[in-house]
Amino acid sequence: MKVSRMKYPKIDAISKIAGLILVAVSIDNVFRGNYFIALFLFGLGGFISITPLFIKVDTSA
17 MKVSRMKYPK IDAISKIAGL ILVAVSIDNV FRGNYFIALF LFGLGGFISI TPLFIKVDTS
77 A
């Protein structure tokens, strides 16, 4: 997937915030005793956080 140079920082910031929110929700689920839900949300948050590494920036303009 290619995105323009101006859109990449927005996508990166949104993915980091969404990943942090999912990690926070997973920590909350650990304290409630829902370990499998917490593990799923923790993995999903990590995957969403590293997704911008696979996005290529279009340098031609």
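Counting in the working numbering, the sequence shown tops out at residue 77, every number present.
Just so it is clear, CB atoms sit at the ideal spot from N, CA and C, and this is done for glycine as well.
None of these values were measured; they are calculated from a predicted model.
For Ser20, write down the residues that DSSP places opposite it in a beta bridge. Asp74
Relative to the alpha-carbon of Ser42, which residue among Ser65, Gly61, Val19 has its alpha-carbon at the smallest distance? Gly61
Relative to the C-alpha of Ser31, which candidate in Asp74, Phe70, Gly49 has its C-alpha closest? The option with the nearest alpha carbon to Ser31 is Phe70.
Answer with buried or exposed for Ile64, where buried requires no fewer than 16 other C-beta atoms within 10 angstroms of its C-beta. Answer is buried; the Cβ neighbour count reaches 16.
Residue environment, Leu57, which counts as buried when at least 16 other CB atoms sit within 10 Å: buried
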